[in-house]
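These notes are about the structure you will find just below.
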Amino acid sequence: MARLYAWVICAYRRKDLSEEAYHEYLSNHHSNVVKHHLAKSGMVSYSITHNTSETKAMTARVLGDNPQTQKSTADCDCLVQITFHDIEDYLKARNDPYYRDVIVPDHQHFADSEKTVFFTGWVETFVVNGRVV
């Protein structure tokens with residue numbers, strides 16, 4: 029089976045946006061701007077994991093009460109993951125005029141592009157829907 033790769037974005041919100049406004053914009057607007065384009069371009073999946081004050085408190089519960097907890101908790105506002113089998117498919121989506129003319133300009137409404145970081149890696153899945161795969 030071919031490897032599944034992921035483009036991962038550790039994203040930060042603009043300083044003038046509240047957590048609530050940021051996450052609402054991502055979920056209700058930006059995701060709608062992006063998802064049809066990615067599906068049309070052959071992406072396997074597109075997901076956003078929101079990292080809020082509430083979920084950071086959950087992280088603290090998992091890590092326990094120790095001096096490293098705050099340092100060990102990621103401070104990004106969300107993690108975006110787009111998966112694909114071939115980097116050329118992602119590059120095709122990114123090089124499409126819709127990406128340049130619609131998706132990129134939308135980032136100005138919510139993203140702190142100076143802080144946001146990226147990586148690409150391959151995905152290994154071991155449990156799906158509670159079952160070992």
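Residues in the sequence shown are numbered from 29 upward in steps of one, following this note's numbering. A virtual CB, placed ideally from N, CA and C, is assigned to each residue, including glycine. No experiment lies behind these values; they were computed from the predicted model shown.
- Rounded to the nearest angstrom, the gap between the Cα atoms of K63 and S46 is 24 Å.
- The three-state reading of DSSP puts R159 in strand, counting E and B together.
- Between the alpha carbons of A139 and W150 lies a gap of roughly 25 Å.
- Secondary structure note for T83: its alpha helix (DSSP H) is the uninterrupted segment S81 to L91.
- In the DSSP assignment, A102 is bridged to no other residue.
- Under DSSP, A39 takes part in a beta bridge, and its partners are C106.
- No Cβ-Cβ contact shorter than 9 Å links V108 with Y53.
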